[in-house]
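Residue numbers (full-length UniProt numbering): 1 to 70.
Each residue gets a CB set at the ideal place from its N, CA and C atoms; glycine is no exception.
For reference, the structure is listed below as structure tokens.
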């Protein structure tokens, strides 16, 4: 398997979540692992009822943010 296949990617979605893909472990402040899938989304708007994961609440509250890398 090539190195690029193991690379973790965090994609900041326009007006939405952060999409996480790749072999990554997500842990809480005490180091306890969250159960995740190979691809999952993290809340960015703060309104999710399933934090740290996105539940689509950004659509209901009208969250808007379109970050671009410089």
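Residue burial classification, residue i (beta-carbon count within 10 angstroms, cutoff 16)
i	result
residue 44	buried
residue 2	With a pLDDT of 47 at residue 2, under the threshold of 50, the modelled position of that residue is not reliable, and the figure given next carries that caveat. That one is exposed.
Residue i vs residue j beta-carbon contact at 8 Å
i	j	result
residue 8	residue 42	no
Residue i, enclosing beta strand (DSSP E) - first and last residue
i	result
residue 41	39-42
residue 70	Looking at the DSSP string, residue 70 is not in any beta strand (DSSP E), and its letter there is neither H nor E.
residue 36	Per DSSP, residue 36 belongs to no beta strand (DSSP E) and is neither H nor E.
residue 19	18-21
residue 10	9-12
Endpoints, the alpha helix (DSSP H) within which residue i is located
i	result
residue 59	57-61
Residue closest to residue i, alpha-carbon to alpha-carbon, out of the options
i	options	result
residue 25	17, 14 and 10	10
residue 18	49, 55, 61 and 29	55
residue 38	47, 62, 23 and 68	23
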